[in-house]
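A.B. asks: For reference, the structure I am asking about is given below.
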Amino acid sequence: MNFIFTEEHIQFKDAIKAFLKDECTPASIRSGWAEKKSFNQNRWKGLEELGVLSSNLSEEYGGLGMDQVALALMVEEMGYVGLPEPVAEQTFLINDLLDLLPAEMQKKIQEHHMSGASYISVSHPLAPNPLFLNESAGLLLFEEDSYQFVARHDLEFEEVASNDPSRELAKIKSINHSISSTENFEILNSAVSSRGALMTAAFLVGLSQKMIDLSSAYALDRTQFGKPIGSFQAVKHMLADVAVAIEFARPAVYRAAYSLADNNPKSALHCAHAKYMSSRAAELACKNSIQVHGAMGYTWEMDLHIFMRKAWSLMACWGNEDKQQDIIFNTLKSSKDELGVLYTF
Numbered sequence: 072m073n074f075i076f077t078e079e080h081i082q083f084k085d086a087i088k089a090f091l092k093d094e095c096t097p098a099s100i101r102s103g104w105a106e107k108k109s110f111n112q113n114r115w116k117g118l119e120e121l122g123v124l125s126s127n128l129s130e131e132y133g134g135l136g137m138d139q140v141a142l143a144l145m146v147e148e149m150g151y152v153g154l155p156e157p158v159a160e161q162t163f164l165i166n167d168l169l170d171l172l173p174a175e176m177q178k179k180i181q182e183h184h185m186s187g188a189s190y191i192s193v194s195h196p197l198a199p200n201p202l203f204l205n206e207s208a209g210l211l212l213f214e215e216d217s218y219q220f221v222a223r224h225d226l227e228f229e230e231v232a233s234n235d236p237s238r239e240l241a242k243i244k245s246i247n248h249s250i251s252s253t254e255n256f257e258i259l260n261s262a263v264s265s266r267g268a269l270m271t272a273a274f275l276v277g278l279s280q281k282m283i284d285l286s287s288a289y290a291l292d293r294t295q296f297g298k299p300i301g302s303f304q305a306v307k308h309m310l311a312d313v314a315v316a317i318e319f320a321r322p323a324v325y326r327a328a329y330s331l332a333d334n335n336p337k338s339a340l341h342c343a344h345a346k347y348m349s350s351r352a353a354e355l356a357c358k359n360s361i362q363v364h365g366a367m368g369y370t371w372e373m374d375l376h377i378f379m380r381k382a383w384s385l386m387a388c389w390g391n392e393d394k395q396q397d398i399i400f401n402t403l404k405s406s407k408d409e410l411g412v413l414y415t416f
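Just so we're aligned, residue 72 is where the sequence shown starts under the working numbering, counting upward by one.
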């Protein structure tokens, strides 16, 4: 079993990193907030031209045929810059699940978003408020025992407030017409739940790394008693604790991605574990970053709060720590696998 990233994985990740470094800066995110339009069409089109929006579609549909490992690496880079656009949602929750949808629903979705010009939003009990409906072509809506696709013009909705201004959320008021189905519901619901957990986990790892990098830079720049505060042991320990948490979360994310790509029957467990570990790392990154900044990190002037707000929002989406812990516990409790210090799940 080979866990090493392929050259294709690394090249794809590096291309996205280079693009986002210039195109998704804190200044551009603040500009989106000021204009109340965080979805940047130019950035979206740039990602489309890179092949990102169709990266995990099959070559038959004009995609690159990338697997979930490549997607996890991609989303981690997007987390590092706090990308507002729902690229992760389109790739993980729409592209990745197209083949599981009924033929009629597949056709409608393909008509709307295969070009990458617009995307399909998603609503699920674990993430009930869909993103950027004003910019979407439609909505894939999951309910307790069924799912439906609704074209944008058949939706009536209202905007709802978000702690993260980069996440423009909506609440559905009414649906005029939809294509509804219960076909493969259990399989599809499990698949979208796992991918939602993995997607947010990868994003949280990127956000956590960004927060510790900002805090480390601040600790080297800020002086007290004639020395950089980063030279004080208490500050070093706070930053080191976050670094350790991130390094424990990151391989859990990669393992979950590999598990999905390999169709491992334990992939739901692995995705839950990845989200749990990443949420804990992000929670500690937020807490300790504020400490290092002397509570200034949450002020408008500092860029840190941009990433903390998104982390707090994503920790609650697609299953919070308690939800993931329950999945892990219930799966292990019902499993006949050996557990203990000599084994691992």
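Glycine is no exception: its CB is placed at the ideal position from the N, C-alpha and C atoms.
Can you list, in chain order, the residues of its chain with a C-beta nearer than 7 Å to that of residue 246? Leave out the 5 residues immediately preceding and following it.
C.D. replies: Taking the first residue of the sequence shown as 1, we reach residue 246 at position 175. If we look at residue 246 and ignore the five residues flanking it on each side, its Cβ neighbours are 221, 225, 226.
A.B. asks: Going by CA-CA distance only, name the one from 299, 339, 134, 110 that's closest to residue 263.
C.D. replies: Counted from its first residue, the sequence shown places residue 263 at position 192. Comparing Cα-Cα distances from residue 263 to each of 299, 339, 134, 110, the minimum goes to 339.
A.B. asks: Using the C-alpha atoms, what's the distance from residue 281 back to residue 160?
C.D. replies: Counting from 1 along the sequence shown, the entry for residue 160 is found at position 89. Counting from 1 along the sequence shown, the entry for residue 281 is found at position 210. Cα-Cα distance, rounded: 21 Å.
A.B. asks: Return the chain-ordered list of same chain residues with a C-beta closer than 6 Å to the C-beta of residue 143, the five sequence neighbours on each side being excluded.
C.D. replies: Translated into positions along the sequence shown, residue 143 becomes position 72. Taking C-beta separations shorter than 6 Å and ignoring five residues to either side along the sequence, the partners of residue 143 in its chain run 273, 324, 328, following chain order.
A.B. asks: Who are residue 195's beta bridge partners in DSSP?
C.D. replies: Sequence index remark: in the sequence shown, residue 195 carries index 124 (1-based). BP columns for residue 195 point to 198.
A.B. asks: Do residue 269 and residue 211 count as a contact pair if the criterion is CB distance below 8 Å?
C.D. replies: Position 140 of the sequence shown, counted from the first residue, corresponds to residue 211. Position 198 of the sequence shown, counted from the first residue, corresponds to residue 269. Result no, Cβ atoms of residue 211 and residue 269 do not sit closer than 8 Å.
A.B. asks: Tell me the start and end of each unbroken alpha helix (DSSP H) in the region 97–164 that is at least 4 residues and wholly inside, in chain order.
C.D. replies: 97–105, 112–120, 139–152
A.B. asks: With a cut-off of 8 Å on the beta carbons, I'd call residue 205 and residue 240 a contact; round off their distance for me.
C.D. replies: Taking the sequence shown and counting its residues from 1, one reaches residue 205 at position 134. Taking the sequence shown and counting its residues from 1, one reaches residue 240 at position 169. Incorrect: roughly 11 Å between the Cβ atoms, too far for contact.
A.B. asks: Using 10 angstroms around the beta-carbon of residue 295, count the other beta-carbons present and answer buried if the total reaches 16, otherwise exposed.
C.D. replies: One-based indexing of the sequence shown puts residue 295 at position 224. Classification for residue 295: exposed.
A.B. asks: Could you pull out every unbroken alpha helix (DSSP H) segment of at least 4 residues lying fully inside the region 312–369, listed in chain order?
C.D. replies: Segments of the alpha helix (DSSP H) lying fully in the region 312–369: 338–363.
A.B. asks: Could you pull out every residue in the same chain whose Cβ sits closer than 6 Å to the Cβ of residue 342, ignoring the five residues on either side in sequence?
C.D. replies: Position 271 of the sequence shown, counted from the first residue, corresponds to residue 342. Closer than 6 Å at Cβ, skipping near neighbours: 265, 268, 269, 327.
A.B. asks: Note the first and the last residue of the continuous beta strand (DSSP E) segment covering residue 209.
C.D. replies: In the sequence shown, residue 209 corresponds to position 138, counting from 1. Note, residue 209: beta strand (DSSP E), 207–213.
A.B. asks: Could you pull the start and end residues of the beta strand (DSSP E) that residue 375 belongs to?
C.D. replies: Counted from its first residue, the sequence shown places residue 375 at position 304. Segment 375–387 is the alpha helix (DSSP H) holding residue 375; no beta strand (DSSP E) there.
A.B. asks: Tell me, which residues are paired with residue 252 by DSSP?
C.D. replies: As a position in the sequence shown, residue 252 is number 181, starting the count at 1. BP columns for residue 252 point to 218.
A.B. asks: Is the CB-CB distance between residue 368 and residue 276 below 8 Å?
C.D. replies: One-based indexing of the sequence shown puts residue 368 at position 297. One-based indexing of the sequence shown puts residue 276 at position 205. With respect to the 8 Å criterion, residue 368 and residue 276 are not classified as neighbours on the basis of their beta carbons.
A.B. asks: Excluding the five sequence neighbours on either side, which residues of its own chain have a C-beta within less than 7 Å of the C-beta of residue 186, listed in chain order?
C.D. replies: Here residue 186 corresponds to residue number 115 of the sequence shown, with the count starting at 1. For residue 186, the pLDDT reaches just 49, beneath the cut-off of 50, and the residue's location in the model is therefore unreliable, leaving the point undetermined.
A.B. asks: Could you name the residues that DSSP lists as bridge partners for residue 241?
C.D. replies: Position 170 of the sequence shown, counted from the start, is the residue given in the question as residue 241. Beta-bridge pairing links residue 241 to 230.
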